[in-house]
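Protein chains in written order, with our numbering: chain X, 22 to 296; chain W, 22 to 296. For every residue, glycine included, the Cβ atom is placed at its ideal position computed from N, Cα and C. None of these values were measured; they are calculated from a predicted model. Structure record follows, encoded as structure tokens.
Number of protein chains: 2
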Amino acid sequence: MTGIVSSPARAVARRYGAAESVEPAAWNPVLEVLHEHRSVRRYRPDPVPDAVLRVLVSAAQSAPTSSNLQAWSVVAVRNTRRKARLAELAGDQDHIRQAPVLLVWTADLARARGLAAERGVPLDGADYLESSYVAFLDAALAAQNAVVAAESLGLGTVYIGAIRNNPAEVAAELALPPGVFPVVGLVVGTPDPTEDARVKPRLPQEAVLHHETYDAAGQTEYATRYETRLAHFYADQNLPHSWIDRVLTRLGSTAALKGRHRLREHLAAQGFPLR
Amino acid sequence: MTGIVSSPARAVARRYGAAESVEPAAWNPVLEVLHEHRSVRRYRPDPVPDAVLRVLVSAAQSAPTSSNLQAWSVVAVRNTRRKARLAELAGDQDHIRQAPVLLVWTADLARARGLAAERGVPLDGADYLESSYVAFLDAALAAQNAVVAAESLGLGTVYIGAIRNNPAEVAAELALPPGVFPVVGLVVGTPDPTEDARVKPRLPQEAVLHHETYDAAGQTEYATRYETRLAHFYADQNLPHSWIDRVLTRLGSTAALKGRHRLREHLAAQGFPLR
């Protein structure tokens, strides 16, 4: 674990890009690792051995799963050419090439479909939109446990949502059978210290935590406060980004989805009819 | 943190319901907490103070989020009558009533929609199926960090997928505006030690971890091996469950979805057209 943080209050303040914070009610090595998360986009080539991968996956399997369905699988890609091909398909992100392994987390209803076929029984529930969310959520919970496990070992990670830009080609590259769909990629490796990846500040807690009922009041104020804090964060790195502009651009148009506007047809082709 | 485990190899073996396991390549308090996860379904009434809740949510906000959209919110419900009402709506699960707080994790595109409305710009990307997955995944990653944080503090948790059984009524109870949808509930509280919640074994790791490409061979054998291990686990508790039967029942029919077959129309009504 990192041992970088000077104090728990400092760690929480940094997470919010705030000048100061009250001392959190509790602190321990787990909370430290969680709060210290940063996305790493520059890697050293040092391998992630199979034995380490196995610990990440047993941590992933320890995550909760809806009705114990375990409706996910993960494909570990280390082959240089396959990794390069997936990098091309997923927004040409160079860190996929740099890092020793790309984990592709998949929604997996093929296992259940196989069991149903063997018994000759229907599996009508699997055809619904709901079951795709179940499988996507199962994959996400497992992947996030793997992230926490990796970071506890000093490894860096970054999710690759762009694995959904070209899902048909990704499915072909990974030989995913019907019923299996790529949800998210996860790069894992040793952080290149020259990147100096930072903890990115988040929205004020009041913006996301509601008590008893959803409180829409104040959202403009929270966004404005965050805009200022994040501009300060980016200015330190000579980046001129506005959070609000980025959100509005990212969700503003069909084109900004980079192919993902066709997700429904890609899911159907891969055996998810989404009734 | 728990300090229950006699050895890392024992913790990993228990996760797989195996008689023995090799020593994992690495171990630390974070890996211990992750592997020790169990769903808790009996709670003591001890409150979860606001200060503790704030740490759980700052841990949740520390999770990765797609393009830093932070497309989620959480509603903390402590009111006894509201909690009882939500318990009724979510499969009548008594642990929702017992525990001091139910966290309802939501997919939240309302924040982005509000910013777009203020600027008078379109937000066409938010209308797509893809953006619902982005928001569901964001909510899942945040929720899972909160689970890990809670368990590191000795608290128990259990997810409530049944919060999606009656999403219109849940949205009304929590005053969720258009663009906000309940993804999953999370009960948090002090475990009642009389329950003696156990670590539930998972599928053999070979069933979920694939190398380079998806390997469909062996899935029947892994499921059979798991069926035996899980039967052994359940037998200890005088429960006759078969994993395969449970999977086939859970996904076998429209009726088994308990209302969730109508998710598409509920999402549309709540401002998610899923283009």
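Under the three-state DSSP convention, the category leucine 230 of chain W falls into: If you number the second sequence from 1, residue 230 of chain W lands on position 209. When secondary structure is reduced to three states using DSSP, leucine 230 of chain W falls in the strand class.
C-alpha distance - valine 142 of chain W paired with proline 261 of chain X, whole-angstrom precision: Residue numbering aside, residue 142 of chain W sits at position 121 when the second sequence is read from its first letter. Residue numbering aside, residue 261 of chain X sits at position 240 when the first sequence is read from its first letter. If you draw a straight line from the Cα of valine 142 of chain W to the Cα of proline 261 of chain X, it is about 21 Å long.
Whole-angstrom distance between valine 98 of chain X and leucine 251 of chain W, CA atom to CA atom: Along the second sequence, one-based indexing puts residue 251 of chain W at 230. Along the first sequence, one-based indexing puts residue 98 of chain X at 77. So the alpha carbons of these two residues sit roughly 30 Å apart.
With 16 other Cβ atoms within 10 Å as the buried cut-off, status of threonine 101 of chain W: Position 80 of the second sequence, counting from 1, holds the residue named residue 101 of chain W. Exposed is the call here.
Which residues DSSP lists as bridging tryptophan 93 of chain W, in chain order: Against the second sequence, residue 93 of chain W aligns to sequence position 72. When DSSP reads this structure, tryptophan 93 of chain W sits in a beta bridge with W:Ala128.
DSSP state of phenylalanine 293 of chain W mapped onto helix, strand, coil: To locate residue 293 of chain W, count along the second sequence from 1; it is residue 272. Three-state result, phenylalanine 293 of chain W: coil.
For valine 43 of chain X and alanine 161 of chain X, the rounded distance between their alpha carbons: As a working mapping, residue 161 of chain X is identified with position 140 in the first sequence. As a working mapping, residue 43 of chain X is identified with position 22 in the first sequence. Rounded to whole angstroms, the gap between the alpha carbons of alanine 161 of chain X and valine 43 of chain X is 31 Å.
Run of the beta strand (DSSP E) containing tyrosine 180 of chain X, from where it starts to where it stops: Position 159 of the first sequence, counted from the first residue, corresponds to residue 180 of chain X. 177-181 is the extent of the beta strand (DSSP E) around tyrosine 180 of chain X.
Neighbouring residues, chain X, relative to phenylalanine 293 of chain W (Cβ below 8 Å): For the purposes of this step, residue 293 of chain W is identified with residue 272 of the second sequence, where counting begins at 1. Here the premise fails: no neighbours, minimum Cβ distance about 11 Å.
CB contact below 8 Å: glutamate 242 of chain W versus chain X: For the purposes of this step, residue 242 of chain W is identified with residue 221 of the second sequence, where counting begins at 1. So, not an interface residue.
Where tyrosine 149 of chain X meets chain W, residues with beta-carbon distance less than 8 Å: In the first sequence, residue 149 of chain X corresponds to position 128, counting from 1. For tyrosine 149 of chain X, the residues of chain W that pass the 8 Å Cβ criterion are Thr275, Leu278, Arg281, His282, Leu284, in the order they occur in the chain.
Contact the segment 133-149 of chain X vs the segment 61-77 of chain X: 3+ CB pairs below 8 Å: Touching, no.
Environment of alanine 133 of chain W [buried if 16+ CB atoms lie within 10 Å]: On the second sequence, position 112 is the one that residue 133 of chain W refers to. It is buried - the Cβ of alanine 133 of chain W has at least 16 other Cβ atoms within 10 Å.
Closer than 7 Å at the beta carbon, the chain W residues around isoleucine 265 of chain X: As a working mapping, residue 265 of chain X is identified with position 244 in the first sequence. Per Cβ cutoff of 7 Å: Leu136.
Residue-level contact to chain W via CB, histidine 253 of chain X, 8 Å cutoff: For this step, residue 253 of chain X is matched to residue 232 along the first sequence. So no, histidine 253 of chain X is outside the interface.
Separation of leucine 174 of chain W from asparagine 49 of chain W, as counted between CA atoms: The residue you call residue 49 of chain W lines up with position 28 of the second sequence. The residue you call residue 174 of chain W lines up with position 153 of the second sequence. Taking the straight line from one Cα to the other gives about 16 Å.
Neighbour-count burial assignment, glutamate 57 of chain W, 16 or more Cβ in a 10 Å radius: In the second sequence, the residue the question calls residue 57 of chain W occupies position 36. By the neighbour-count criterion, in which a residue is buried when 16 or more other Cβ atoms sit within 10 angstroms of its Cβ, glutamate 57 of chain W is buried.
Listed by chain order, chain W residues near leucine 269 of chain X by CB distance under 8 Å: Translated into the one-based positions of the first sequence, residue 269 of chain X becomes position 248. By Cβ distance, chain W contributes Ala133, Leu136, Ala137, Arg140, Val142, Leu144.
Residues bridged to leucine 123 of chain W [DSSP beta-bridge criterion]: In the second sequence, counting from the first residue as 1, residue 123 of chain W sits at position 102. Paired residue(s): W:Val98, W:Val208.
Terminal residues of the alpha helix (DSSP H) in which glutamine 114 of chain W lies: Here the question's residue 114 of chain W lines up with position 93 in the second sequence. In the DSSP annotation of this structure, glutamine 114 of chain W is not part of any alpha helix (DSSP H), being labelled neither H nor E.
Any C-beta of chain X under 8 Å from that of threonine 101 of chain W: Position 80 of the second sequence, counted from the start, is the residue given in the question as residue 101 of chain W. By this cut-off, threonine 101 of chain W is not an interface position.
Contacts of alanine 111 of chain X in chain W (Cβ-Cβ under 9 Å): Residue numbering aside, residue 111 of chain X sits at position 90 when the first sequence is read from its first letter. Per Cβ cutoff of 9 Å: no residues; alanine 111 of chain X is ~13 Å from chain W at best.
Beta carbon proximity, glycine 24 of chain X to chain W, threshold 8 Å: To locate residue 24 of chain X, count along the first sequence from 1; it is residue 3. With a pLDDT of 48 at glycine 24 of chain X, under the threshold of 50, the modelled position of that residue is not reliable, and the figure given next carries that caveat. So, not an interface residue.
Where proline 85 of chain W falls, given that 16 or more other Cβ within 10 Å makes a residue buried: Position 64 of the second sequence, counted from the first residue, corresponds to residue 85 of chain W. Buried: at least 16 other Cβ atoms inside 10 Å.
Contacts of asparagine 166 of chain X in chain B (Cβ-Cβ under 7 Å): The chain labelled as chain B is not found among the protein chains of the depicted structure, namely X and W.
Short-range partners of chain W found in the segment 39-54 of chain X, where Cβ spacing is below 7 Å: Taking 7 Å as the Cβ-Cβ cut-off against chain W, the residues of the segment 39-54 of chain X that qualify are Pro45, Ala46, Ala47, Asn49, Pro50, Val51, Leu52, Val54.
Beta-carbon proximity list for tryptophan 264 of chain W, same chain, < 7 Å, skipping 5 on both sides: Within the second sequence, residue 264 of chain W is the residue found at index 243, counting from 1. Tyr247, Glu248, Leu251.
Supposed close pair arginine 106 of chain X, aspartate 213 of chain X - CB separation, criterion 8 Å: Locating residue 106 of chain X in the first sequence gives position 85, counting from the first residue. Locating residue 213 of chain X in the first sequence gives position 192, counting from the first residue. With 8 Å as the limit, arginine 106 of chain X and aspartate 213 of chain X do not qualify as a contact, their Cβ atoms being about 23 Å apart.
Positions along the segment 193-209 of chain W whose CB lies within less than 9 Å of some CB in chain X: Those would be Glu194, Leu195, Ala196, Leu197, Pro198, Val201, Val204, Val205, in chain order.
Cutoff 8 Å: alanine 189 of chain W Cβ touching any chain X Cβ: As a working mapping, residue 189 of chain W is identified with position 168 in the second sequence. No - not a single Cβ of chain X is within 8 Å of the one on alanine 189 of chain W.
Residue range of the alpha helix (DSSP H) that includes proline 188 of chain X: Here residue 188 of chain X refers to the residue found at position 167 of the first sequence. Unbroken alpha helix (DSSP H) run through proline 188 of chain X: 188-194.
For arginine 75 of chain X, the three-state DSSP class (helix, strand or coil): As a working mapping, residue 75 of chain X is identified with position 54 in the first sequence. Three-state DSSP puts arginine 75 of chain X in a helix.
Short CB-CB distance (under 8 Å) between serine 28 of chain X and chain W: Position 7 of the first sequence, counted from the start, is the residue given in the question as residue 28 of chain X. No, no contact with chain W.
Neighbourhood of threonine 275 of chain W by C-beta distance below 7 Å, restricted to the same chain and skipping five residues each side: Position 254 of the second sequence, counted from the first residue, corresponds to residue 275 of chain W. Residues His282 of the same chain have their beta carbon placed closer than 7 Å to that of threonine 275 of chain W, with the five preceding and five following residues left out of the count.
Alpha-carbon spacing of glycine 112 of chain X relative to proline 188 of chain X, whole angstroms: As a first step, residue 112 of chain X must be located in the first sequence, where it is residue number 91. As a first step, residue 188 of chain X must be located in the first sequence, where it is residue number 167. The alpha-carbon atoms of glycine 112 of chain X and proline 188 of chain X are separated by roughly 12 Å.
Aspartate 159 of chain W: first and last residue of the uninterrupted alpha helix (DSSP H) it sits in: Working through the second sequence from its first residue, we reach residue 159 of chain W at position 138. Element bounds for aspartate 159 of chain W: 150-173.
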